[in-house]
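Q: Take the position in the sequence shown, starting the count at 1, then add 169; the result is the number in this note's numbering.
One structure is given below, represented as structure tokens, and several questions about it will come after.
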Amino acid sequence: MTPGARVAAAIAVLDQIQGGAAAEQALTAWARGSRFAGSKDRAAVRDHVFDVLRAKRSLGDGTGRDLMQRLAQREGWIIEDLFSGDGHAPDPLTPQEIDALAAPLALSDAARCDLPDWLWPLWQDSLGDRAETVAKVQQGRADVFLRVNMRRGSVAEAVNTLAKDDVSVVAHPTVAGCLRVVANPRRVKTSAAYLSGLVELQDAASQEAVRRVAVPDGARVLDYCAGGGGKALGFADLYQAKVFAHDIAPQRMRDLPARAARAGVTITTLASDGLGALPKFDVVFCDAPCTGSGTWRRAPDAKWRLMSKDLAAVMQSQGEVLACAAPLVAQGGQLVYATCSILADENTETVKTFCNAYPEWHIVEENQRLPDADGDGFYTCTLHRR
170 MTPGARVAAA
180 IAVLDQIQGG
190 AAAEQALTAW
200 ARGSRFAGSK
210 DRAAVRDHVF
220 DVLRAKRSLG
230 DGTGRDLMQR
240 LAQREGWIIE
250 DLFSGDGHAP
260 DPLTPQEIDA
270 LAAPLALSDA
280 ARCDLPDWLW
290 PLWQDSLGDR
300 AETVAKVQQG
310 RADVFLRVNM
320 RRGSVAEAVN
330 TLAKDDVSVV
340 AHPTVAGCLR
350 VVANPRRVKT
360 SAAYLSGLVE
370 LQDAASQEAV
380 RRVAVPDGAR
390 VLDYCAGGGG
400 KALGFADLYQ
410 AKVFAHDIAP
420 QRMRDLPARA
430 ARAGVTITTL
440 ASDGLGALPK
450 FDVVFCDAPC
460 TGSGTWRRAP
470 DAKWRLMSKD
480 LAAVMQSQGE
490 VLACAAPLVA
500 QGGQLVYATC
510 SILADENTET
520 VKTFCNAYPE
530 WHIVEENQRL
540 PDADGDGFYT
550 CTLHRR
């Protein structure tokens with residue numbers, strides 16, 4: 170596909186999304202109907218679509234064609250080359266479109282920061298004078314990070330093995346064993362380092378959250394909302410502990426046994442039925458369902474589909490997770506609440522509500538990480554029983 174044809178494809182996908190389709194569904198439907206598109210073409214179209222979605226409102230929130238014109242203008246691309254009408258490229262710009270691009274957009278603060286109007290006040294309340302800075306960070310792409318599995322080798326071995334597959338990495342400035350991918354991130358999953366279990370895809374903030382937990386040797390650790398099991402794998406790699414994984418939707422853990430085998434660790438998956446009858450756990454880590462507001466660079470569609478009623482439902486679920494997980498903690502153990510959100514309502518306020526309802530629990534440590542060049546946004550709170 171030519172660059173212009175890729176832009177035309179992105180326009181078609183964006184029109185589907187603007188019409189109500191989920192981003193991943195629209196991209197999948199386009200790919201299935203475009204067998205001629207190679208892997209580089211699909212990647213380029215996906216990048217165009219996600220670059221627009223991260224900044225949809227500040228680009229004018231118009232049709233797919235309007236949005237791609239604004240993106241091209243913002244990125245400094247030669248618009249006449251992309252909108253040429255040649256082959257499968259979009260038609261040339263009309264005089265009206267040329268005039269529209271020349272005129273600055275009149276944007277509200279929420280639109281300039283690429284957030285829904287209803288969310289902007291909550292965003293400001295949560296982040297204060299950092300609200301605009303963090304919002305602008307979310308307009309850009311997020312880097313890919315890897316966790317080196319120390320059971321399989323050293324950081325140096327990981328760097329060298331990745332280099333053989335043309336994947337270039339550098340060490341994270343603050344998180345031990347974490348590598349930032351600086352070249353060819355899409356080659357990671359086919360690299361020898363990944364296939365052998367030497368490295369695992371995991372954002373730096375998620376890695377840091379696991380490292381913040383003090384886990385004694387021999388401890389029983391439960392990843393209560395395990396999902397794909399990334400944090401359970403991290404616990405099993407870093408600590409001499411017995412690691413268990415649970416999720417209310419067990420199908421989310423379907424790949425965990427294979428991932429654990431690849432990593433050379435043992436993780437026991439547990440069903441919800443009978444969980445309370447098992448011996449108590451020294452650490453119960455609850456990566457609760459959330460809006461994902463700290464990861465919207467990776468899933469920008471989520472912020473546009475989120476409604477205020479959804480936030481209320483998520484907060485209710487978070488309270489239920491804490492209430493269900495707390496009885497599983499052994500005397501003297503730790504209950505760790507975590508989200509990949511940066512909204513106070515989901516973090517400090519949810520914990521405060523829980524502690525008011527269950528006064529035997531108190532906060533030992535809180536940490537709110539904001540999205541930046543070194544990772545996603547992430548919140549953790551460690552609680553002990555009085």
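Glycine residues also receive a C-beta, built at the ideal position from the N, C-alpha and C atoms.
Between L475 and T464, how many whole angstroms is the CB-CB distance? I'm expecting something under 8 Å.
A: About 13 Å; that fails the 8 Å criterion.
Q: Tell me where the beta strand (DSSP E) around C550 begins and ends.
A: 547 to 554 is the span of the beta strand (DSSP E), which, as asked, contains C550.
Q: Who does K411 pair with in a DSSP beta bridge?
A: According to DSSP, K411 bridges with R389.
Q: Which same chain residues end up closer than 6 Å to A405 when comparing Cβ atoms and leaving out the 5 residues on each side of it in sequence?
A: Cβ within range, chain order: V412, V434, I436.
Q: Got a sec? Which residues, its chain only, sit under 8 Å from V357 by beta carbon, not counting five neighbours each side?
A: Once the five neighbours on either side are set aside, the close Cβ partners of V357 are V313, L315, L331, V336, V350, Y363, V368, L370.
Q: Under a Cβ-count criterion, where at least 16 other Cβ atoms within 10 Å of its own Cβ denotes burial, should T508 be classed as buried or exposed?
A: Buried is the call here.
Q: Of all the options A198, S295, C524, D286, which has the alpha carbon lying nearest to the alpha carbon of S510?
A: Nearest option by C-alpha distance: S295.
Q: Could you compute how far the alpha carbon of A241 sits from the alpha carbon of I248?
A: Cα to Cα, the separation comes out at about 6 Å.
Q: Go through its chain and collect everything with a Cβ distance to G256's Cβ below 8 Å, but skip five positions before and after it.
A: Within the same chain, G256 has close Cβ partners T171, G173, A174.
Q: Classify D386: buried if its beta carbon has 16 or more other beta carbons within 10 angstroms, exposed otherwise.
A: It counts as exposed.
Q: For P342 and A279, I'd like the C-alpha separation in whole angstroms.
A: Distance between the alpha carbons of P342 and A279: 32 Å.
Q: Helix, strand or coil: how does DSSP classify T330 here?
A: DSSP places T330 in helix when its eight states are reduced to three.
Q: Please determine if the segment 209 to 218 and the segment 174 to 187 are in contact, where contact requires at least 3 C-beta pairs separated by less than 8 Å.
A: Because the criterion of three Cβ pairs below 8 Å is met, the segment 209 to 218 and the segment 174 to 187 touch.
Q: Looking at the structure shown, is A280 part of a helix, part of a strand, or coil, going by DSSP?
A: A280: helix per DSSP, three-state reduction.
Q: Count the other C-beta atoms from every protein chain shown that fall within 10 angstroms of the C-beta of Q409, then say buried if there are 16 or more, exposed otherwise.
A: So Q409 counts as exposed.
Q: Just to confirm, are Q376 and V344 a CB contact at a threshold of 8 Å?
A: Yes, Cβ-Cβ distance for Q376 and V344 is below 8 Å.
Q: What residues match up with R349 in a beta bridge as DSSP calls it?
A: Answer is F314, V339.
Q: Relative to the alpha-carbon of N353, which residue among T519, A495, R555, K209 has its alpha-carbon at the smallest distance?
A: Among T519, A495, R555, K209, the Cα nearest to that of N353 belongs to K209.
Q: Helix, strand or coil for F252, going by three-state DSSP, please let me know.
A: If DSSP states are grouped into helix, strand and coil, F252 belongs with coil.
Q: In whole angstroms, give me the CA-to-CA distance for K400 and D392.
A: The alpha-carbon atoms of K400 and D392 are separated by roughly 7 Å.
Q: Could you tell me the distance, in whole angstroms, from the CA atom of G502 to the CA atom of D451?
A: Between G502 and D451, the C-alpha separation is close to 4 Å.
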